[in-house]
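Enquirer: The structure under discussion is supplied below as structure tokens; questions concerning it will follow.
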Amino acid sequence: ALINDIHKPIARRGGIFISGKFDQLTRSLPYAAFAQAGRALIRQLLSEPAEELAKWRELLLGRLGQTGRLLTELIPELELVIGAQPEVPELGPTESQNRFALAAQNFLRSFATADHPLVLFLDDLQWADQASLQLLKALLTDPDMGYLLAIGSYRNNEVEPSHPLALAVGGLREAGVTVRELTLPPLPLPGVTALVADALQATKEEVAPLAALVAQKTQGNPFFINQFLGSLHQEKL
């Protein structure tokens, strides 16, 4: 909810907001959240007039060169913009990863410009695969990548100092990337009361006893509050 609230100021400045979410069940699929974000980006492109789409086609083909197939395999919708792409030569694992990172950098550079800054939101980073974390580092340490803001969210109770995400963030700092961390605390009782009152379309005074119970049971965690209220309703309590 907090991240989605920045949509309006981004749109006012002509910016682009895309997002992807990592999933515990798809950790074996590399770049899954980047693929989601890329599909969202292409869907926005496909809504452009034909003349504008032709400009994007020319720009992307020029930027991607012989690596277009790497992106269309990850984002099939991209073929609707740049057409079918030729096969790429096979390389070793490390070389392949570096080539893909370069293709992804060239792809995002096309969109992250002064005219339309790009905001990339990656949710549930605690489940990010190693390849995605390496790609994120490549994007954020790219000296030619301007006008890109990457926002990530994760459950800090699941990320200990030896977790791949913690190590990746440490690596970004060592590389000179500006990293800002914002910890969201639990909602205090007035916040819980306001949320419960809004949910039940009642006054704060009317819901005060229930809100106190909800705060006690959930420790002010908004996700748990939502679940707990749903459970009370389901059980007709």
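All the letters of the sequence shown, read from the start, carry residue numbers 5 to 241 under the numbering used here.
Glycine included, C-beta positions come from ideal geometry on N, C-alpha and C.
Predicted, not measured: the structure shown is a model, and the values here were computed from it.
1) Does the contact criterion of 3 or more C-beta pairs under 8 Å hold for the region 190 to 202 versus the region 211 to 226?
2) Assuming Val183 contacts Leu176 (C-beta within less than 8 Å), just tell me the rounded distance between them.
3) Mapping the DSSP letters down to three states, classify Gly24 as helix, strand or coil.
4) So, is Ser136 buried or exposed, given that buried needs 16 or more other C-beta atoms within 10 angstroms?
5) Quick one: what's got a C-beta closer than 6 Å to Asn225's C-beta in the same chain, skipping five residues either side?
6) Val123 and Gly19: beta carbons closer than 8 Å?
7) What is the rounded straight-line gap between the Cα of Leu143 and the Cα of Phe125?
8) From Asn110 to Phe26, what does the alpha carbon distance come to, in whole angstroms?
9) Have a look at Ile155, Gly24 and Trp60 and flag the residue whose alpha-carbon is nearest the alpha-carbon of Ala41.
10) Looking only at C-alpha atoms, which of His11, Ser235 and Ser114 sits nearest to Gly150?
11) How big is the Cα-Cα spacing for Arg159 and Glu185?
12) Can you tell me which of Arg43, Asn230, Leu75 and Gly174 puts its alpha carbon nearest to the alpha carbon of Leu106?
13) Mapping DSSP to helix, strand and coil, what is Ile14?
14) In three-state terms, what does DSSP make of Ala154?
15) If we ignore side chains and look at the alpha-carbon of each, how far apart do Ala5 and His11 end up?
16) Verify the contact flag: Ala179, CB atom, against every heavy atom of the ligand NAP, threshold strictly below 7 Å.
17) Using 8 Å for Cβ pairs, my map puts Gln2 next to Glu162. What's the rounded Cβ distance?
18) Less than 8 Å separating the beta-carbons of Ala39 and Leu68?
Expert: Reading from the atomic positions:
1) yes
2) By one-based count along the sequence shown, residue 183 stands at place 179. By one-based count along the sequence shown, residue 176 stands at place 172. Right, the Cβ-Cβ distance comes to about 6 Å (below 8 Å), so this counts as a contact.
3) Residue mapping note: residue 24 aligns to position 20 of the sequence shown, counting from 1. Looking at Gly24 - three-state DSSP - the assignment turns out to be strand.
4) Within the sequence shown, numbered from 1, the residue matching residue 136 stands at position 132. Buried, by the Cβ-count rule.
5) In the sequence shown, residue 225 corresponds to position 221, counting from 1. Around Asn225: Pro190.
6) The residue you call residue 123 lines up with position 119 of the sequence shown. The residue you call residue 19 lines up with position 15 of the sequence shown. Yes, the pair counts as a contact, with Cβ atoms nearer than the cut-off.
7) Residue numbering aside, residue 143 sits at position 139 when the sequence shown is read from its first letter. Residue numbering aside, residue 125 sits at position 121 when the sequence shown is read from its first letter. Taking the straight line from one Cα to the other gives about 13 Å.
8) Taking the first residue of the sequence shown as 1, we reach residue 110 at position 106. Taking the first residue of the sequence shown as 1, we reach residue 26 at position 22. Approximately 23 Å between the Cα atoms of the pair.
9) Indexing the sequence shown from 1 puts residue 41 at position 37. With distances taken between Cα atoms, Ala41 lies closest to Gly24.
10) Taking the first residue of the sequence shown as position 1, residue 150 is located at position 146. Taking only the C-alpha atoms, the option nearest Gly150 is Ser114.
11) For the purposes of this step, residue 159 is taken as the residue at position 155 of the sequence shown. For the purposes of this step, residue 185 is taken as the residue at position 181 of the sequence shown. C-alpha separation (whole angstroms): 12 Å.
12) Indexing the sequence shown from 1 puts residue 106 at position 102. Ranking the options by Cα distance to Leu106, first place goes to Leu75.
13) Position 10 of the sequence shown, counted from the start, is the residue given in the question as residue 14. In the structure shown, Ile14 sits in a helix (DSSP, three-state: H, G or I).
14) Here residue 154 is taken as the residue at index 150 of the sequence shown, counted from 1. Three-state DSSP puts Ala154 in a strand.
15) In the sequence shown, residue 5 corresponds to position 1, counting from 1. In the sequence shown, residue 11 corresponds to position 7, counting from 1. So the alpha carbons of these two residues sit roughly 11 Å apart.
16) In terms of ligand content, the structure shown is empty, and the ligand NAP therefore cannot be addressed.
17) This structure does not reach residue 2, given that the chain is present from 5 up to 241, and the question cannot be answered.
18) For this step, residue 39 is matched to residue 35 along the sequence shown. For this step, residue 68 is matched to residue 64 along the sequence shown. Result no, Cβ atoms of Ala39 and Leu68 do not sit closer than 8 Å.
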